[in-house]
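Colleague: My questions will all concern the structure given below.
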Amino acid sequence: MLFVGYWLHSKSAVAKRKHFLSTLSTTSLFFVSFLTIFREGAETLLFYIGMAPAMTKTALLSGIGLAIVIIGLVSYAVIQIGVRLPIHRLFQVASWLIYLMAFKILGTSLHALQLTNVLPIHPINGLGTAGWIGFYPTIETLIPQVVLMILIAMFTIWQKRRTAAIQTAA
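Start counting the sequence shown at 173; every next residue gets the next number (our numbering).
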């Protein structure tokens, strides 16, 4: 997730994105698009396989039908509105959402390991829990989350420097 967020953030600069797209061939764009869609489809199929035994056939099929309708409506909206959206802003927002998800997943996963006695629990007094963001006041969860935030800051600073260098060279 951290790499995907970094990649999206790196493509948020207009000049850099144009340079990146100009270096790709149609075949490579098709291949990347195919792999992305195939992966998402396979992941969705795995979710359906996991849920299917607990559902009626009618509920399953109506859920699939509703999902197709929603995807169609969202796709239409993206096509209509997408040409007017500043794509670099969209990539920036998506990057920060992915960073936030990585922070939450890291904290929640480590906290789950603590609850199952796989990791020890060393609480930090004076800090409150914010489960909605994956913040649990223990040394075992806080240190990896601080490291993650440092990595994100380093990636962001490095990317701004690279973008500035590309813009001055162009």
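By construction, the Cβ of each residue, glycine as well, lies at the ideal position given by its N, Cα and C atoms. Remember, predicted model here, so these are calculated numbers, not experimental data.
Starting from Val-241, trace the alpha helix (DSSP H) both ways and give me its first and last residue.
Modeller: Within the sequence shown, numbered from 1, the residue matching residue 241 stands at position 69. Per DSSP, Val-241 belongs to the alpha helix (DSSP H) from 229 to 254.
Colleague: Is Thr-280 closer than 8 Å to His-294 when the C-beta atoms are compared?
Modeller: As a working note, residue 294 is residue 122 in the sequence shown. As a working note, residue 280 is residue 108 in the sequence shown. The Cβ-Cβ distance between His-294 and Thr-280 does not fall below 8 Å.
Colleague: Determine the DSSP secondary structure at Pro-258, reduced to helix, strand or coil.
Modeller: For this step, residue 258 is matched to residue 86 along the sequence shown. Looking at Pro-258 - three-state DSSP - the assignment turns out to be coil, as it is neither helix nor strand.
Colleague: When burial is assigned at 16 or more other CB atoms within 10 Å of the CB, is Phe-275 buried or exposed?
Modeller: Here residue 275 refers to the residue found at position 103 when the sequence shown is read from its first residue. So Phe-275 ends up on the buried side.
Colleague: Which residues mark the beginning and the end of the alpha helix (DSSP H) in which Thr-340 is found?
Modeller: Numbered from 1 along the sequence shown, position 168 holds the residue referred to as residue 340. Where Thr-340 is concerned, the enclosing alpha helix (DSSP H) stretches over 311 to 341.
Colleague: If we count the other Cβ atoms within 10 Å of its Cβ and call it buried at 16 or more, is Ile-209 buried or exposed?
Modeller: The residue labelled residue 209 in the question sits at position 37 within the sequence shown. The residue in question, Ile-209, is exposed, as its Cβ has fewer than 16 Cβ neighbours within 10 Å.
Colleague: Is the beta carbon of Leu-232 sitting closer than 8 Å to the one on Ala-224?
Modeller: By one-based count along the sequence shown, residue 232 stands at place 60. By one-based count along the sequence shown, residue 224 stands at place 52. In this structure, Ala-224 lies closer than 8 Å to Leu-232 by Cβ.
Colleague: Can you tell me the Cα-Cα spacing of Leu-238 and Leu-262, whole angstroms?
Modeller: Position 66 of the sequence shown, counted from the start, is the residue given in the question as residue 238. Position 90 of the sequence shown, counted from the start, is the residue given in the question as residue 262. For Leu-238 and Leu-262, the distance between alpha carbons rounds to 26 Å.
Colleague: How would you call Tyr-248, buried or exposed, if buried means at least 16 neighbouring beta carbons within 10 angstroms?
Modeller: Locating residue 248 in the sequence shown gives position 76, where the first residue counts as 1. Exposed: under 16 other Cβ atoms inside 10 Å.
Colleague: Put Pro-225 into one of helix, strand or coil per three-state DSSP.
Modeller: Counting from 1 along the sequence shown, the entry for residue 225 is found at position 53. Helix.
Colleague: Quick check on this structure: which residue in Ile-236, His-283, Ile-324 has the alpha carbon closest to the alpha carbon of Leu-269?
Modeller: Indexing the sequence shown from 1 puts residue 269 at position 97. The residue with the shortest Cα to Cα distance from Leu-269 is Ile-324.
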